[in-house]
Amino acid sequence: MRAIRVHQFGDPSVLRLEEVPTPEAGAGQVQIRVQAAGVNPVDTYIRNGRYGALPTPPFIPGSDGAGTIAGLGAGVTRWKVGDRVFFHGTTLGGPYGAYAEVAVCDQDTVYRLPAKMGFAEGAALGVPYATAYQALMVKARPKPNEIVLVHGASGGVGTAALQLARWKGLRVIGTAGSPDGLELVKANGAHLAVSHKEALYVDQIREAADHGRGPDIILEMLANVNLDQDLDLVARGGRIVVIGSRGRTEIDPRKIMAKDASIFGVFLWNQSNEELAAIYADLTAGVEQGALVPVIGQEFPLAEASRAHDAVLAPGAYGKIVLVP
Ligand code: NAP
């Protein structure tokens with residue numbers, strides 16, 4: 118089969134398209150013909166070699182995607198060949214990741230693709246939608262009518278969070294950094310879209326969120342830039358969930374006290390298969406009801422994985438990026 122492999126950590130040029138042996142499903146595993154693989158920012162951190170847990174090269178990157186079951190290992194009863202599925206490997210990277218024509222997953226990390234959903238859209242469920250769900254529903258635990266700020270709402274996780282928050286009946290503010298991104302934020306259900314590139318955008322958010330009370334929940338995609346300011350902005354008793362951060366930052370802990378605020382972290386790969394199954398069950402219901410519709414901003418052929426890695430880190434995010442083998 119053809120797959121992208123990384124032989125040494127480095128810039129996007131280390132993503133090489135190669136012919137490699139097709140992996141077979143072991144006991145309790147399924148073999149999946151990958152029709153679309155998710156490109157997530159974490160794939161670039163791992164490729165670079167700048168991440169906590171790193172696979173040993175050579176490895177095939179990518180942890181989520183969608184496709185059809187092509188083979189069954191011993192003891193697999195839940196699936197049959199031809200089933201349409203999406204998957205989210207529980208490990209980050211490994212010898213057989215998703216950037217390939219064929220992937221192998223434990224049967225418990227594979228989920229049925231809703232009938233009306235295409236493979237590219239399915240590849241957005243594994244990491245971005247589940248992360249948005251874990252942050253909003255499991256960590257922040259919204260109450261009816263609360264105000265949510267999705268800080269970084271134009272990308273894969275952000276668009277998922279917007280749709281999810283609207284589906285759950287919340288009032289939603291989203292930020293983006295480009296005119297197209299702002300249009301996308303509005304189109305995905307935000308009651309208000311503001312640019313995180315404009316000087317006074319924080320005042321706009323504060324004013325819109327109950328005339329100065331501030332958002333009850335902030336889902337934060339770039340905590341190293343925004344966390345201290347989020348503490349100024351959040352409502353009393355509010356919850357900030359750190360989803361993304363690309364460096365260190367300084368905060369004033371007094372602001373946490375003064376606001377009776379809570380700061381949570383979320384890391385999708387810490388969740389058990391049982392916890393993930395519960396998340397995907399609710400997400401599947403949202404897809405079937407038409408409330409959750411992944412936005413695919415860009416599709417790249419497998420051979421252009423390096424371009425996809427440049428794109429996922431470029432400003433001006435527009436939904437999800439996928440690789441199509
Ligand atoms: P993405 O599609 O590349 O989106 C990145 C988002 O961050 C865009 O909406 C971008 O907006 C926004 N952004 C840029 N500058 C910002 C600023 N100053 N303030 C607020 N937002 C800003 O990435 P993604 O897949 O949505 O992932 C988002 C982050 O979450 C990444 O850091 C990723 O590593 C992390 N993540 C964490 C987990 C976890 O388990 N903790 C899981 C998945 C992802 P513009 O481009 O419009 O400026």
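Every number in our numbering is 117 more than the matching position in the sequence shown, counting from 1. The beta carbon of each residue, even a glycine, is placed where N, CA and C say it ideally should be. Quantities reported herein were computed from a predicted structural model and do not represent experimental measurements.
Check: Extent of the continuous beta strand (DSSP E) to which V244 belongs; Outcome: Element bounds for V244: n/a, residue is neither H nor E.
Check: D320 versus L266: straight-line alpha-carbon distance, rounded; Outcome: 13 Å
Check: Exposed unless 16 or more other CB atoms sit within 10 angstroms - verdict on K437; Outcome: buried
Check: Residues bridged to I334 [DSSP beta-bridge criterion]; Outcome: V265 and R356
Check: Touching by the beta-carbon criterion (3+ pairs, under 8 Å), the stretch 238-253 and the stretch 273-280; Outcome: yes
Check: Inter-residue Cα distance where the pair is G188 and I121; Outcome: 21 Å
Check: Ordered list of alpha helix (DSSP H) runs contained in the stretch 371-416, each at least 4 residues; Outcome: 390-405
Check: Under the three-state DSSP convention, the category R424 falls into; Outcome: helix
Check: CB-CB length for G291 against L279, believed under 8 Å; Outcome: 5 Å
Check: Three or more C-beta pairs below 8 Å linking the stretch 409-421 and the stretch 390-398; Outcome: no
Check: Residues near N343 in its chain [Cβ-Cβ closer than 7 Å; skip 5 each side]; Outcome: H268 and E337
Check: Rounded Cβ spacing between P178 and G235 (contact assumed at less than 8 Å); Outcome: The pair is not a contact, with the Cβ atoms about 22 Å apart (cut-off 8 Å).
Check: Residues near L339 by beta carbon distance below 8 Å, same chain, minus five either side; Outcome: H268, G269, G361, S362 and R363
Check: C-beta atoms of G190 and V439 nearer than 8 Å; Outcome: no
Check: Opening and closing residue of the alpha helix (DSSP H) in which I177 lies; Outcome: Neither: I177 is in no alpha helix (DSSP H) and is coded neither H nor E.
Check: Check: V274 C-beta below 7 Å from any heavy atom of ligand 1; Outcome: yes
Check: Span of the alpha helix (DSSP H) around E450; Outcome: It is not possible to answer for residue 450, since the shown part of the chain is limited to 118 through 442.
Check: Opening and closing residue of the beta strand (DSSP E) in which R323 lies; Outcome: Segment Y318 to A325 is the alpha helix (DSSP H) holding R323; no beta strand (DSSP E) there.
Check: Cβ-heavy atom distance, V255 to ligand 2, below 7 Å; Outcome: No copy of ligand 2 occurs in the structure displayed; its ligands are ligand 1 alone.
Check: Stretch-stretch touch, CB-based, cutoff 8 Å, three pairs: the stretch 403-411 with the stretch 144-159; Outcome: no
Check: Simplified DSSP state of V156, which is helix, strand or coil; Outcome: strand
Check: Contact test: H308 Cβ vs ligand 1 heavy atom, cutoff 7 Å; Outcome: no
Check: Beta-carbon gap between A247 and V383 smaller than 8 Å; Outcome: no
Check: Start-to-end residues for the alpha helix (DSSP H) that takes in D200; Outcome: Careful: D200 lies outside any alpha helix (DSSP H) and carries neither H nor E.
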